[in-house]
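Residue numbers (the working numbering): 13 to 120. By construction, the Cβ of each residue, glycine as well, lies at the ideal position given by its N, Cα and C atoms.
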Amino acid sequence: RYIDWLITVPLQMVEFYFILAAVAVVSAGIFWRLMIGSLVMLVAGYLGEAGLVYAWLGFVVGMAGWAYILYEIFAGEAGRVSAESAPEAVQKSFGTMRLIVTVGWAIY
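What follows is the structure in C-alpha cells.
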C-alpha cells in the first residue's frame with residue numbers, strides 16, 4: 013500500500029503544479045511545498061503503522077502533512093494562483109483535484 017502511495021501521491025502533487033505552470037508563472041516553491049507535505053504525510057503514516065513510532069504520533073504528524081497540502085491548494089500560493097491567474101477550465105480542473113485530495117483522502 014505505501015509503495016503505491018509513494019508513487020501516486022507525489023504524482024498528484026506534481027499534477028497540481030503542472031496545471032498551474034501551464035497557464036501562469038509559478039514558483040518552484042509550490043512544487044516543493046506540495047512534495048514535502050506529501051512525503052511527511054506518507055512517511056509519518058508508515059512509521060506509525062509499522063510501529064517504529066507511536067501510532068498516534070505517526071497519525072498526528074501525517075495529518076499535519078495532509079493539512080499542509082490542503083492549506084497550500086486552498087489558501088496558499090497554489091490556491092491563489094489558481095483563483096487569480098487561471099482560466100475557468102483550469103480552475104475547474106484544479107477544483108476537481110482539490111475535491112479528490114480532500115474527500116478521497118479523507119476516506120482513508
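| Query | Result |
| --- | --- |
| In whole angstroms, what is the alpha-carbon distance linking LEU69 and GLY60? | 7 Å |
| What whole-angstrom Cβ distance do MET109 and PHE28 have, given they're in contact under 8 Å? | 6 Å |
| Quick check: what's the CA-CA separation for GLU100 versus ILE15? | 35 Å |
| Alpha carbon to alpha carbon, how far is GLU89 from TYR83? | 9 Å |
| Pick out whichever of ARG13, VAL52, MET75 has its Cα sitting closest to the Cα of THR114. | MET75 |
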